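In full-length UniProt numbering, the protein residues as written are 1 to 275.
All C-beta atoms in this analysis are idealised placements derived from N, C-alpha and C, irrespective of residue type, glycine included.
A quick note: this is a predicted structure, and the numbers were derived from the prediction, not measured.
I have placed the structure first, in the form of structure tokens, so that the comments after it can refer back to it.
Here is the structure:
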């Protein structure tokens, strides 16, 4: 079966690079199917990239390849990693992103050889990754394509803070409709909530006190919270703008809150449970 490849990057669409990457991969096999997850990741935002890939890859067929091009050249000696877990292959730089994408369980991992004189050339990375995909598709075992790293760069995904009566969450993504995704899974919500009533409070005394099924569960203009298809808690306004209305923006890791154009924007959301 011809493998399916996905691409995720912070490159955007303003120049030729995204198209050139696909062309370079197709030089290995024009029959490969290449799907874009997103090329609009906020630059260098590891949490957002991990959220996108973790949420998308389970929907692809087994043995798909997921190529993640975010901050490839993060160090003077960058390395390309290829990992295999849960029936999927992942290729990305050794910059801490791989452990954020994968589950905590074991996985196979190699360092893909790239000639030192080409290590700063993103197209050389595509050549090496493409050759690896073709080799595996021809029956070569992954461990024969490179050495297992003694250690890799680790970076922890931003986790919610769970307390007895509340959850302190981080905003990991704001979509084009300005719906807000926080890093709380339903299991986190149920663990702390224990079936109790809850309240999400915003500025101007706005509150959400129930979990809805979807955007259309409330009248237009009303706020809501629900667990999205990826399993994360999402805050929205039906046909509205939750991020702007409540003064929310994605967590940057640099500060808990920021002023933008003299306006205070919050990067955290607190969910309080009451008996």
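Alpha carbon of residue i to alpha carbon of residue j, nearest angstrom
i, j, result
"residue 56", "residue 37", "7 Å"
"residue 185", "residue 70", "25 Å"
"residue 194", "residue 187", "10 Å"
"residue 227", "residue 25", "36 Å"
"residue 44", "residue 58", "23 Å"
"residue 111", "residue 168", "37 Å"
"residue 107", "residue 41", "25 Å"
"residue 232", "residue 160", "11 Å"
"residue 130", "residue 147", "18 Å"
"residue 128", "residue 50", "23 Å"
"residue 64", "residue 92", "14 Å"
"residue 66", "residue 21", "14 Å"
"residue 62", "residue 116", "33 Å"
"residue 11", "residue 74", "15 Å"
"residue 254", "residue 268", "Confidence is the limiting factor: at residue 254 the pLDDT is only 45, short of 50, which leaves the residue's position unreliable and the question unanswerable from this model."
"residue 190", "residue 217", "21 Å"
"residue 52", "residue 109", "21 Å"
Beta carbon of residue i nearer than 9 Å to that of residue j
i, j, result
"residue 158", "residue 183", "yes"
"residue 180", "residue 273", "no"
"residue 207", "residue 275", "no"
"residue 202", "residue 244", "no"
"residue 145", "residue 82", "yes"
"residue 6", "residue 60", "yes"
"residue 80", "residue 103", "no"
"residue 101", "residue 170", "no"
"residue 90", "residue 68", "yes"
"residue 251", "residue 47", "yes"
"residue 172", "residue 271", "no"
"residue 266", "residue 238", "no"
Coarse secondary structure for residue i, derived from DSSP in three states
i, result
"residue 66", "strand"
"residue 189", "helix"
"residue 17", "helix"
"residue 31", "coil"
"residue 145", "coil"
"residue 172", "strand"
"residue 250", "coil"
"residue 22", "helix"
"residue 183", "strand"
"residue 218", "coil"
"residue 120", "coil"
"residue 203", "helix"
"residue 2", "coil"
"residue 133", "helix"
Cβ neighbour criterion (16 or more within 10 Å) applied to residue i
i, result
"residue 2", "exposed"
"residue 126", "buried"
"residue 165", "exposed"
"residue 9", "buried"
"residue 223", "buried"
"residue 132", "buried"
Check: residue i C-beta below 8 Å from any heavy atom of the ligand ZN
i, result
"residue 194", "With respect to the ligand ZN, the structure offers nothing, as it holds no ligand at all."
Would you list, in sequence order, the uninterrupted alpha helix (DSSP H) runs of no fewer than 4 residues that lie entirely inside the region 42-114?
-> 46-56 and 97-101
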